[in-house]
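Letter 245 of the sequence shown, counting from 1, is numbered 245 in my numbering, and no numbers are missing.
What follows is one structure encoded as structure tokens, with my remarks underneath.
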Amino acid sequence: MTDSRSLPRFAWLSLFAAITTLVLKTLAWVLTGSVGMLSDALETLVNLAGAGLAIMMLTIAARPADEDHPYGHGKAEYFSSGVEGALILFGALGIGTTAVQRLLVPRALEQVSVGLTLAGVAAAINLVVAIVLMRAGRQHGSPTLEANARHLYTDVLTTLGVFAGVVAVGMSGVLWIDPVVALLVSAGILWTGLGIVRRAITGLMDTALPPHEREALSRALGPHVVAPVQVHALRSRQSGTRRFVSMHVLVPGDWTVQRGHELLERIETDIGRVIPNVSVLTHLESLDDPASWDDMALDRSQPPTAAR
1 MTDSRSLPRF AWLSLFAAIT TLVLKTLAWV LTGSVGMLSD ALETLVNLAG
51 AGLAIMMLTI AARPADEDHP YGHGKAEYFS SGVEGALILF GALGIGTTAV
101 QRLLVPRALE QVSVGLTLAG VAAAINLVVA IVLMRAGRQH GSPTLEANAR
151 HLYTDVLTTL GVFAGVVAVG MSGVLWIDPV VALLVSAGIL WTGLGIVRRA
201 ITGLMDTALP PHEREALSRA LGPHVVAPVQ VHALRSRQSG TRRFVSMHVL
251 VPGDWTVQRG HELLERIETD IGRVIPNVSV LTHLESLDDP ASWDDMALDR
301 SQPPTAAR
């Protein structure tokens, strides 16, 4: 089982990386005067803000369930990834605006080799941190860490694109290449931001478990759902690192309570083995009672109004 209290330490790693790379990229921009380098540095400011927010939200998400939040605080992670996505969108617009201005008023680049070296070191740092965060995010099912990692991967690609643009300007002397590269970088960042925002929204909308976990759930149920046992009203949702599954299990009416209880215990145990951090809610019903078929939908069917 994932200990969500350990997740903020990964966000701290992202914060330290953002501070380091921001210094390196800012120096690269100051030395070269490249608008591409400036766009790269501005994106790192978004990384810095996102990392700080991630620390805050992961800390909140790790809090245990309480009277006001009986299902825990896991959804705080979606606020973090959503805000980070929004910050990325604003950053992309700012980069695009700066690139258009430089396209209209070109400027020669300076100290290109030193600037490229600093940018290369920053890209290497971001790549290492992105790999660590992505592995941790997937292992622990954390949307915040995954969003942070995807942003850092985008940052690495951004730096590589800027690197290529600056080299092209230095070799050809064509100044408009630099702002054009910055515009392409802006478009790529915009696409990444939209994807992160979309995922945050789907998480807040109580989206079902991902396909591979639903398949695992089906396999876990398989050995138990054999005639005459049936299952309906099977539902799932995810909240940060926490998963929730509920279902109604129908058994013959002449089964004892003990026999039905033992079946539910086996079902819940087997689901817990294949899906991490899952809370399973089972409801036992009789196959022989017509009322058992009235609650398959989200809202229970209303009985017909008695004739007056």
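Beta carbons: idealized from backbone N, C-alpha and C, even for Gly.
These numbers come from a predicted model, not from an experiment.
Asked	Found
Once you ignore the five residues that flank G272 on each side, which residues in its own chain have a CB closer than 8 Å to its CB?	V278, V280
By Cβ distance below 6 Å, which residues in the same chain neighbour H224 in space, the five residues on each side in sequence not counted?	I267
Only counting runs of 3 or more residues, tell me where the beta strand (DSSP E) segments fall wholly within the region 230 to 292, in order along the chain.	230 to 239, 242 to 251, 278 to 286
Report buried or exposed for H261, applying the criterion of at least 16 other Cβ atoms within 10 angstroms of its Cβ.	exposed
What distance in whole Å lies between the Cβ atoms of V185 and V162, which are believed to be in contact at a cut-off of 8 Å?	6 Å
What ranges does the alpha helix (DSSP H) occupy inside the region 47 to 113, keeping only unbroken runs of at least 4 residues that lie completely in it?	76 to 104
Throw me the rounded Cβ distance for the R102 and V169 pair, which I believe falls under 8 Å.	Not a contact, Cβ separation roughly 11 Å.
Measuring CB to CB, does A49 end up less than 8 Å from L24?	no
Quick check on this structure: which residue in L287, T269, T192, R199 has the alpha carbon closest to the alpha carbon of A227?	L287
Which term fits P210, buried or exposed, when burial requires 16 or more other beta carbons within 10 angstroms of its beta carbon?	exposed
Could you tell me the boundaries of the alpha helix (DSSP H) in which P143 lies?	143 to 172
Hey, could you find the ends of the alpha helix (DSSP H) T207 is sitting in?	Looking at the DSSP string, T207 is not in any alpha helix (DSSP H), and its letter there is neither H nor E.
Return the chain-ordered list of same chain residues with a C-beta closer than 8 Å to the C-beta of M37, the five sequence neighbours on each side being excluded.	K25, A28, W29, G115, A119, V162, V166
Among residues of its own chain, excluding the 5 on either side of G10, which ones have a beta-carbon nearer than 6 Å to its beta-carbon?	Per the sequence shown, residue 10 should be read as Phe rather than Gly. Counting only Cβ-Cβ distances below 6 Å, and skipping sequence neighbours, we find L133, A136, L145.
Taking just the CA atoms, how far does G91 sit from Q230?	52 Å
Taking Cβ positions, are S292 and G74 nearer each other than 8 Å?	no
Would you kindly check if the distance between the Cβ of A51 and the Cβ of A18 is under 8 Å?	yes
By the three-class DSSP mapping on this structure, what secondary structure does M37 have?	helix
So, for L284: in the same chain, excluding its five sequence neighbours on each side, which residues have a beta-carbon less than 7 Å away from its beta-carbon?	V249, V251, G260, L264
S246 and R214 - do their beta-carbons sit closer together than 8 Å?	no
Near L175, which residues of its chain fall below 6 Å by C-beta distance, leaving aside the five closest residues on each side in sequence?	P106
Applying the 10 Å Cβ sphere with the 16-neighbour rule, what's the burial state of A124?	exposed
Since I believe G203 is in contact with Y78 (beta carbons under 8 Å), could you give me their beta-carbon distance rounded to a whole number of angstroms?	4 Å
So, are the CB atoms of A182 and A99 less than 8 Å apart?	yes
Going by C-alpha distance, which of D66, I201, T32, S113 is nearest S81?	I201
First and last residue of the alpha helix (DSSP H) that includes V23?	8 to 32
Quick check on the burial criterion: 16 or more other C-beta atoms within 10 angstroms. Buried or exposed for S113?	exposed
Could you give the DSSP three-state label for L298: helix, strand or coil?	coil
Does G120 come out as helix, strand or coil in the three-state DSSP assignment?	helix
Starting from the Cα of M56, find the closest Cα among L89, L7, V46 and give me that residue.	L7
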